[in-house]
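Undergrad:
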Amino acid sequence: MNADSLVGRNLLSINDLSATGLAEVLEVAESFVEVSGRSVKKIPALKGKVVASLFFEESTRTRLSFETAAKRLSADVLSLAVASSSVKKGESLKDTIETIESLGIDAVVLRHRSSGAPHQVAGWVKGARVINAGDGTHEHPSQALIDLFTVRRALAERQGVESRDSGLSLLKGAKVLIIGDINHSRVARSEMLAYAKAGAQVRVIGPGTLLPSDVGIFGAQRADDLEKELANADVVSLLRMQEERGSGDFVPSLHEFSALYGIDERRAALIRPDAVITHPGPMVRGVEVSSAVADDPRMLVRQQVANGVPIRMAILFLALSTPGESLHG
Amino acid sequence: MAELIMIQGGTAVFDSGTRQVDLIIRDGVIAEIGERLSVPAGAEVLNAEQAWVGPGFVDLHAHLREPGGEAAETVASGAAAGVKGGYSALVAMPNTVPAIDSVPVAAHVLDLGRRSMLDVVPAGAITIDRAGERSAPMGELAALGLTFFTDDGMGVQRAGVMRRAMLYAKGLRLTLAQHCEDESLAGGGCMNASALSSRLGLAGRPAIAEEAMVARDLLLAEHTGASLHLLHLSTARSLEMVKAAKARGIAVTAEVAPHHFTLTEACCEGYDPLFKVHPPLRGASDVQALAQGLRMREIDAVATDHAPHAPETKDRPFDEATPGMLGLETAFGLTLEALGGDDADPVLLFELLSRNPARIAKLTAGDERRHGLSAHGGDLSVGSDANLVVVDPSTSWVVDRNQLASLARNTPYDGRTIRGRIRHTVVAGSLVLNDGEFTR
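In order, the protein sequence lines correspond to chains D and A.
Quick note: the first sequence uses this note's numbering, first residue 219, plus one each step.
Quick note: the second sequence uses this note's numbering, first residue 55, plus one each step.
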């Protein structure tokens, strides 16, 4: 918990890292941004290492992003597509992990619909590092790191300073507003923890049925005046509103959710021009965000996707490094 | 089987207090009680020095899994686990496959029980297939000697169904036992609803899900005059309500399970499904309140909710794993500890583990026991059925999941040092556990 470095460690939760540990990932990612701009987008950092990508839940962007990251570091990628796997034949997660590990792997990137599955896998594997690529309604730490990284770069640009080597200073004191289904969102949990560790002031707003009973444990505060909060925010973080939540159990309809908490042009006009808007994607236009706002210049969703690769390169690189080895060499 | 047994040198625990006496057991009953009795010729002498001698324990809440779940436990293996835990009688929960909601299944379980090491009396289901809709044939089941009915594993969700079941049960002088959790509040949850469940991203089963049903059923019991037993209560608020209901004269009894007065929700932190149970492990203040409730006689019985599970149903993600944990072999020591260890009152301990549960299950000498089983939980007296246990309250042992008599391994106490060891268990006058070892 709260390690100052990800070197040689698992990444299961943002709580695994201290503020120093978070900053380390951002700095290493900065150095990998440049790799993505090269004509030969590959460095030999993880040559000979094997990364297993196990996605037990549908995901396109996260899986592609992790696998691209592993390949750019020259790791071999062993990708398990659940639809065609033995899991469909009734094999347990534990047996699947044992089978994959017997093939000789160095890291497991795991996406699972059950909260805590990566923690359990970390207890089952013998030597491999475990990277949580999103578990149930628990956490999605790599996404929060992407968001921190993207916001840090955007704020640096606005202030005309270098983001590289700025640590968490640009995020310190920033007013972050997270809107929507906090309770079922692994992105929201990881974001609240990460922004709070970075020293930001984190506030959340959403329907009472979609807020955890106590957001204080994530270092956040509950807010209730959306328009006032929008005007104050430096960072507005939108979350995907899952369709099934709008079926009448949690909110009466997606339409009502959109009317109360969706960001349309009128509400977007309240957000300061120098503020930024993030969204982990995929966006549902017309629900949490109107189409015009989705294309607003303050919206960083495309940068977030692009930054996915360097952040995940940094995570894999650090987790698969051995303590004492040079990191930036 | 006529056995001649002498229990020598122990502290006998009577309803009224303790005395240093020897006991002689002959032809299934206690034949003599007295100080320094001479050893009868041919008697098996059991050493009871530094130990308490009392009525065998009675568990109101054991999942024996047969029929249908024999990979996890059988009546025979569950009975063995019971004997090792000091029990002479178990109430077998009806959430088997098929459920104990018909005469053939109940008769089958009674029959399996007769061939086991101790007395087994099945609880009947309140509703067919425990589905909470149509009433099970409680009258036919009562004719076999069943007196205790529950849909345990699931509470009877609809108040109207529960009210009618109470009215019907009252006429037959049966007790309804409720698993109190309103699924519209608890549904989909897998641990206590709390700041911790928020952090872990696990859906919660809130205390209010239990308390709302406790409140509802106490009102229904008052309204119908039926006899109600509340299974595995887990919150301070539930206890408060039971206390108030008893003060109003409502015919209610309540049990708590050892895991609820020894373990907190913090055990779920590592997502180990061994700690998943319904109702869930709660916060420290509830755990303390339950232990306090035991000491204050606000709770009638300690019941294990012994819930064996095959490993493949536990080696799963937390939300998918089956709820429940083993309890029979560890209940005595954990209860002793909750009652204050060295300062524990042995009379209270036997009330909680034997006398009250025997009374609630209608297994005492005064009850009409149509299933033909012997009497349990009575005061130690000459002529009474010899269901006895000799327990050593000062010796410690370490729980080893691989050394359990249960077929299953899902104890949450593996590696824990527990003080209080079962030395001998006598069931219906036969020695079944001798110095911690089975006699056959």
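All C-beta atoms, glycine included, are put in the ideal place defined by N, C-alpha and C.
Model, not experiment: these values are computed from the prediction.
Give a yes or no on whether the C-beta atoms belonging to A:Ala-231 and A:His-277 are separated by under 7 Å.
TA: No, these two residues do not count as a Cβ contact at 7 Å.
Undergrad: In chain order, what residues of the stretch 361–390 of chain A put their CB closer than 7 Å to some CB of chain D?
TA: Against chain D - using a Cβ distance shorter than 7 Å - the residues of the stretch 361–390 of chain A are Glu-366, Asp-369, Arg-370, Pro-371, Phe-372, Asp-373, Glu-374.
Undergrad: What number of angstroms, rounded off, separates the C-alpha of A:Pro-327 from the C-alpha of D:Val-339?
TA: Spanning the two alpha carbons is a distance of roughly 13 Å.
Undergrad: Does the stretch 286–296 of chain A come close enough to the stretch 331–339 of chain A to have 3 or more Cβ pairs within less than 8 Å?
TA: They touch, by the three-pair rule.
Undergrad: Let me confirm a value: D:Gly-542 is counted as buried when at least 16 other C-beta atoms fall within 10 Å, else exposed. Which label applies?
TA: The residue is exposed, with fewer than 16 neighbouring Cβ atoms inside 10 Å.
Undergrad: Leaving out five residues on either side along the sequence, give the residues of the same chain with a beta carbon under 6 Å from the beta carbon of A:Arg-473.
TA: Same-chain partners within the cutoff: Gly-387, Ser-450.
Undergrad: Which residues in the same chain have their Cβ closer than 7 Å to the Cβ of D:Ala-532, if we skip the five residues on either side of it in sequence?
TA: Only Val-243, Val-246, Ala-247, Phe-250 meet the Cβ criterion.
Undergrad: What do you get for A:Asn-42, buried or exposed, if any count of 16 or more other CB atoms within 10 angstroms of its CB means buried?
TA: No answer is possible for residue 42 of chain A: the residues shown for chain A start at 55 and end at 494.
Undergrad: Under a Cβ-count criterion, where at least 16 other Cβ atoms within 10 Å of its own Cβ denotes burial, should D:Leu-556 be classed as buried or exposed?
TA: Outside the displayed span of chain D (219 to 547) sits residue 556 of chain D, for which this structure offers no information.
Undergrad: In the stretch 298–370 of chain A, which residue ranges form an unbroken beta strand (DSSP E) of at least 3 residues, counting only runs that do not cross its ends?
TA: Counting only runs of 3 or more, we get 306–310.
Undergrad: Please state if the CB of D:Asp-482 and the CB of D:Ser-509 are separated by a distance shorter than 7 Å.
TA: No, these two residues do not count as a Cβ contact at 7 Å.
Undergrad: Of all the options D:His-356, D:Leu-488, D:Ser-332, which has the alpha carbon lying nearest to the alpha carbon of A:Leu-250?
TA: When only C-alpha atoms are compared, the closest one is D:His-356.
Undergrad: Which chain D residues are close to A:Gly-243, counting only those with a beta carbon under 7 Å from its beta carbon?
TA: In chain order: nothing, as chain D lies at least about 12 Å away.
Undergrad: How would you list, in chain order, the residues of chain A whose beta-carbon sits under 7 Å from the beta-carbon of D:Glu-319?
TA: Neighbours of D:Glu-319 on chain A: none; closest Cβ ~15 Å, over 7 Å.
Undergrad: Can the beta-carbon of A:Gln-211 be found less than 7 Å from the beta-carbon of A:Glu-237?
TA: Yes, the pair counts as a contact, with Cβ atoms nearer than the cut-off.
Undergrad: Give a yes or no on contact between the stretch 415–425 of chain A and the stretch 372–380 of chain A, applying the rule of three or more CB pairs nearer than 8 Å.
TA: The answer is no - the stretch 372–380 of chain A does not touch the stretch 415–425 of chain A, with fewer than three Cβ pairs under 8 Å.
Undergrad: D:Ile-400 and D:Leu-428 look like a contact to me (Cβ under 8 Å); what is the Cβ gap, rounded to whole Å?
TA: That belief holds up - the Cβ atoms of D:Ile-400 and D:Leu-428 are roughly 6 Å apart, short of 8 Å.
Undergrad: Please classify A:Phe-469: is it buried, with 16 or more other beta-carbons within 10 angstroms of its beta-carbon, or exposed?
TA: Reading off the sequence, residue 469 of chain A comes out as Gly, not Phe. With fewer than 16 Cβ atoms within 10 Å of its Cβ, A:Gly-469 is classed as exposed.
Undergrad: Counting only beta-carbon separations shorter than 7 Å, does A:Ala-249 have a partner in chain D?
TA: Output row for A:Ala-249: interface = yes.
Undergrad: As a quick exercise: from D:Lys-393, D:Val-519, D:Asp-432, pick the residue whose alpha carbon is nearest that of D:Gln-419.
TA: Nearest C-alpha to D:Gln-419: D:Lys-393.
Undergrad: Where do the N-terminal and C-terminal ends of the beta strand (DSSP E) with D:Gln-521 fall, by residue?
TA: Unbroken run through D:Gln-521 is the alpha helix (DSSP H), 519–537; no beta strand (DSSP E).
Undergrad: So, A:Ala-440 versus A:Ile-87, is the Cβ gap smaller than 7 Å?
TA: No, the pair does not count as a contact, with Cβ atoms beyond the cut-off.
Undergrad: Taking 7 Å as the cut-off, decide whether the C-beta atoms of A:Ala-160 and A:Leu-221 are in contact.
TA: Taking 7 Å as the Cβ cut-off, A:Ala-160 and A:Leu-221 do not qualify as a contacting pair.
Undergrad: Measuring CA to CA, which of A:Leu-200, A:Ala-266, A:Gly-432, A:Leu-442 is closest to A:Arg-80?
TA: The shortest Cα separation from A:Arg-80 among A:Leu-200, A:Ala-266, A:Gly-432, A:Leu-442 belongs to A:Leu-442.
Undergrad: I'd like the list of long-range same chain contacts for D:Arg-376, defined as Cβ closer than 7 Å, with 5 residues on each side in sequence excluded.
TA: If we look at D:Arg-376 and ignore the five residues flanking it on each side, its Cβ neighbours are Asp-492.
Undergrad: Consider the Cβ of A:Ser-339: report whether some Cβ of chain D lies at a distance smaller than 7 Å.
TA: So no, A:Ser-339 is outside the interface.
Undergrad: In this structure, how does DSSP classify A:Gly-123 when only helix, strand and coil are distinguished?
TA: Three-state DSSP puts A:Gly-123 in coil, outside helix and strand.
Undergrad: For the stretch 406–418 of chain A and the stretch 354–361 of chain A, state whether three or more C-beta atom pairs, one from each stretch, are separated by less than 8 Å.
TA: Yes: the two stretches touch, three or more of their Cβ pairs being nearer than 8 Å.
Undergrad: Does any residue of chain A bring its CB to less than 7 Å from the CB of D:Ile-435?
TA: Chain A, which has a Cβ nearer than 7 Å to the Cβ of D:Ile-435, makes this yes.
Undergrad: Under 9 Å between beta-carbons, which chain A residues line up against D:Arg-407? List them in chain order, please.
TA: Neighbours of D:Arg-407 on chain A, chain order: Ser-252, Arg-253, Gly-255.
Undergrad: I'd like to know whether the C-beta atoms of A:Ala-290 and A:Asp-340 end up nearer to each other than 7 Å.
TA: It is a contact, given that the beta carbons lie within the stated cut-off.
Undergrad: Using a Cβ cut-off of 7 Å (strictly closer), state whether D:Pro-430 contacts chain A.
TA: Yes, because at least one Cβ of chain A sits closer than 7 Å to the Cβ of D:Pro-430.
Undergrad: Tell me the rounded alpha-carbon separation between A:Phe-315 and A:Pro-260.
TA: About 17 Å.
Undergrad: Just the Cα atoms here: how many angstroms apart are D:Asn-350 and D:Lys-446?
TA: C-alpha separation (whole angstroms): 35 Å.
Undergrad: Just to confirm, is the Cβ distance from D:Leu-291 to D:Ala-335 under 7 Å?
TA: No, the Cβ-Cβ distance between D:Leu-291 and D:Ala-335 is not below 7 Å.
Undergrad: Within a Cβ cutoff of 7 Å, which residues of the same chain sit near D:Ala-512, ignoring the five residues on either side of it in sequence?
TA: Once the five neighbours on either side are set aside, the close Cβ partners of D:Ala-512 are Met-501, Arg-503.
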